[in-house]
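Taking the numbering used here, the leading residue of the sequence shown gets 41, the next gets one more, and so forth.
Here a beta-carbon is modelled for each residue, glycine too, at the ideal position from N, C-alpha and C.
Structure first, then comments.
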Amino acid sequence: MIGQADAWGDSPLPPTAHFGRLAAFASATPPETVRLFMKPHHRFWPTRLPHRIDVPATSLWDNLAFQARRFPDKTAIVFFGQETRYRELVEQAERIAARLHALGVRKGDRVILLMQNSPQLVAAHYGILRANAVVVPVNPMNRPEELKHYITDPQARVALATADLAANLAQASNALPPAERLQHLIVTHYTDAFSPEQAGEEAPPEAWRSWLIDDQPEARLDGGEVSDWAHAVNHDAPVPPLEVGAEDMALLPYTSGTTGLPKGCIHLHRQAHHNVMAGNYWANSTHQNVVLGVVPMFHITGIVMVMHGCFSNGCTMVLMPRWERELAGRLISRRRVSHWTNIPTMVIDLLASPNFDQYDLTSLVYIGGGGAAMPQAVAQKLLDLYGLRYVEGYGLTETAAPSHSNPPDRPKQQCLGIPYMSVDARVVDPETLKEVPVGEQGEIVIHGPMVFEGYWQRPDATAEVFFELEGKRFFRTGDLGRMDEEGYFFLTDRLKRMINASGFKVWPAEVEALMFRHPAIQEACVIATRDAYRGESVKAVVVLRASHQGQVTEQDIIEWCHQNMAVYKAPRQVQFVDALPKSGSGKVMWRTLQEQEAGG
């Protein structure tokens, strides 16, 4: 039965024909078997793809090594006009691996990687894997006090960092007891990878010069050694034998919860490998792709879907260290970018540029992302201008990025999409963990080969997020959502992000989606505010479009909301701000705003 179900995904028949075969299958099969194999979303499954895929027994490193053998002289990375070939990238990664081995790094050791997007980040990431070690990607926005946890929790003794961040990491290490400190720090400057004088039309914005080019504070490591990138990639230590495979740990990214310190998510090579392969198949990728690499590569989406997705497929990556709309517009136009994974706020910002009409986005054939819902008006503009259907997806650090994605040929707007390749996803009652009927709200839970092993050294936290259903181990996402009759999933909100106004439950994501329809609103974040009578009321923190500054008042927005949504959902307060707080991956940090409101 499983083989037959898989074969349907490879058939050239249209979705309606698949549905007919599914119906025939259902009529001749016991109900419990139908439940396992016949899902509503199979009617809309890309006909070129199987429903599930096998994962290779090799490591993530093998993907890059293979492509370097196939395309040694092909451009792997473009960084401010400087090109790095696949042969050069592999050579740099192997030199880093040799240096790490010489420093005592062995199989399974955790190595910190603290960098913004750069060729060095890519080489260091693959170099750590080649050294049989585990990558611990760290958010560059963390301050020294926060960085202590990323040293002590994974028991890291070696780190690689860019010069703009190295001093913070060293300061964090020096504040720890001697036995817990870093022993070695390898520091690179961005100019190790490009020449500011030769960048030309692809030069970085002048506003970036202070952290990108100019001299940075010196990093001093108490009780340890600091060395530079040039030494690491130019020494002659031997490259260690490759000892890791599918069942070894590859990544230890950290995720924040509602309480407590961030927790490390254990991902084996095979778990990340599944989504690397599935992502390339889903986006119809080939080695001819030109990828815009602007999603941060300390974040799980940037790591798995952008970096590994690109280099496992022999593509070219046009790399940006962080978001800047004018530079992005120039690079997409000049380098003929074909694939762009992003955060919706990036697209909103680019389309709002006063120079937008100067950019040529006609080379794009795939655009999508997640982290927030894409406003319907913005998605429609992409469709009208370029025929591009924005493909929204959904995933968490624990699921190695996507667990859901919209079919590229039949996406729904402001929708998580359908369960990804090899995924069984359900909506359950958060209290009873029983599956709820179609259309009803509950907690989204996920079973699949990309789901992480558990939290690093936290068996208690691991036990809290897993449960068994129908003989399968499901991960509790903590996200509330619903599934429609076609099998598409929609996010309602985080399990704990709910406003209770006089007994009425208000889900902020729904209110935000409605507010995006107002022509003056560029961004909005909905939070709870204290109300002596109702307990809680709805407040909206709003960023206005530049074209509407001074022309719209807070009261105008409130009145519009009352006209366009149920009264209990409509914000009773509106606050205008210049910008919303965002994480390094571009997500709006609603908790920060909520905490500020509670503290005020």
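For LEU169, the CB contacts under 7 angstroms within the same chain, skipping 5 residues up- and downstream, are SER99, LEU100, TRP101, VAL175, ALA290 in chain order. For GLN634, the uninterrupted alpha helix (DSSP H) segment begins and ends at 630-639.
Nearest in C-alpha terms to THR437, of all of VAL463, THR517, ASP449, is THR517.
In this structure, DSSP gives PRO559 a state outside helix and strand, which the three-state scheme calls coil. For ALA201, the uninterrupted beta strand (DSSP E) run begins and ends at 198-202, by DSSP. Straight-line measurement puts the Cα of ALA501 at about 45 angstroms from the Cα of ARG376.
Pairing HIS327 with ASN353 gives a Cβ-Cβ distance under 9 angstroms. Within 10 angstroms of the beta-carbon of SER235 lie fewer than 16 other beta-carbons, which makes it exposed.
Nearest neighbour of ASN172 by Cα position, chosen from LYS188, ALA392, ALA142, turns out to be ALA142.
Under the DSSP assignment, PHE616 falls in the beta strand (DSSP E) whose first and last residues are 613-616.
Counting along the chain, the unbroken alpha helix (DSSP H) around LEU390 starts and ends at 384-391. In the three-state reduction of the DSSP assignment, GLN122 falls in the strand class.
In this structure, the beta-carbon distance from HIS82 to GLY527 falls below 9 angstroms. Between LEU359 and PRO159, the beta carbon gap of about 7 angstroms places them in contact (Cβ cut-off 8 angstroms). Relative to the Cα of ALA441, the nearest Cα in the group GLY369, ASN182, PRO477, THR341 belongs to THR341. By the C-beta density criterion, THR532 is buried, having at least 16 other C-beta atoms within 10 angstroms. For secondary structure counted as the alpha helix (DSSP H) over 4 or more consecutive residues, the region 302-354 holds these complete runs in sequence order: 309-322. Excluding five sequence positions before and after GLU265, the CB atoms of its chain that fall closer than 6 angstroms to its own CB belong to HIS224, given in chain order. Boundaries of the alpha helix (DSSP H) harbouring LYS188: 184-192, taken from the DSSP string. Our two residues, ALA323 and ILE598, have alpha carbons roughly 40 angstroms apart in a direct line. The region 116-125 makes no contact with the region 553-564; the number of CB pairs closer than 8 angstroms stays below 3.
Membership of VAL162 in any beta strand (DSSP E) is not indicated; the residue belongs instead to the alpha helix (DSSP H) covering 159-170. Of the other Cβ atoms in all chains shown, fewer than 16 fall within 10 Å of the Cβ of ALA586; this residue is therefore exposed. In the structure shown, GLU483 falls within a strand segment according to DSSP collapsed to helix, strand and coil. With contacts defined as CB atoms closer than 9 angstroms, VAL227 and ASP268 qualify as a contacting pair. One thing to note: GLU576 has its Cβ no nearer than 9 angstroms to the Cβ of LEU520. The DSSP-derived three-state label of THR98 is coil. Out of VAL505, PRO257, ARG146, HIS189, the CA that lies nearest to the CA of LEU282 is found in ARG146.
Taking one beta carbon from each stretch, the region 185-200 and the region 215-223 have 3 or more pairs nearer than 8 angstroms; the two touch. ARG127 has its alpha-carbon roughly 54 angstroms from the corresponding atom of ALA638. ALA580 has VAL566, VAL614 as its beta-bridge partners, per DSSP. With a cutoff of 9 angstroms on beta-carbon distance, LEU422 and TYR430 are scored as near each other. Assignment of LYS114 by DSSP, reduced to helix, strand and coil, places it in the coil class.
Assigned with DSSP and collapsed to three states, ILE136 falls in helix. The residue among ASP424, SER443, VAL418, GLN454 with its C-alpha nearest the C-alpha of GLU432 is GLN454. Non-local beta-carbon contacts of ALA233 in its own chain, meaning distances under 7 angstroms to residues more than five positions away in sequence, involve PHE119, GLN122, SER158, PRO159, GLN160 in chain order.
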